[in-house]
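Participant:
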Amino acid sequence: MHFYANGSDMMGLKRMMEKLGVPKTHLEMKKMISEVTGGCSDTINYRDFVKMMLGKRSAVLKLVMMFEDKANGASCKAGGPPPKRDITSLP
0 MHFYANGSDM MGLKRMMEKL GVPKTHLEMK KMISEVTGGC SDTINYRDFV KMMLGKRSAV
60 LKLVMMFEDK ANGASCKAGG PPPKRDITSL P
């Protein structure tokens, strides 16, 4: 899903923001896109949109991205310390 800063996609993004309860003007939308992309692009992808809405340090954002990666087939690296092994588990 991409939203472009041209007229039709801007209106779609604006409607979506209104449905989410965060209405924005056209200029506010352009400023948001510029802030999210660092001014180097006039498009926002799904990940940029979620980061913008939830904040970069949000625990909810981390969970959403983890499930999105799993749904898209990205490999998931196990976190935390390795399981304890004993002598019988060695080859």
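Numbering (numbering that gives the first Met the number 0), first residue to last: 0 to 90. For each residue, glycine too, the CB sits at the ideal point set by N, CA and C.
Is it the case that the Cβ atoms of Met28 and Met9 are separated by a distance below 7 Å?
Facilitator: Yes, they are a contact pair.
Participant: Flag this pair as yes or no: are the beta carbons of Ala63 and Val49 separated by less than 7 Å?
Facilitator: For the sequence presented, residue 63 should be read as Val rather than Ala. Yes, Cβ-Cβ distance for Val63 and Val49 is below 7 Å.
Participant: According to DSSP, what are the bridge partners of Ile86?
Facilitator: In the DSSP output, where bridge partners are listed per residue, Ile86 has none listed.
Participant: Mind checking Leu19: buried by the 16 CB within 10 Å criterion, or exposed?
Facilitator: Exposed.
Participant: Using only the alpha-carbon positions, how far apart do Pro90 and Cys39 sit?
Facilitator: For Pro90 and Cys39, the distance between alpha carbons rounds to 54 Å.
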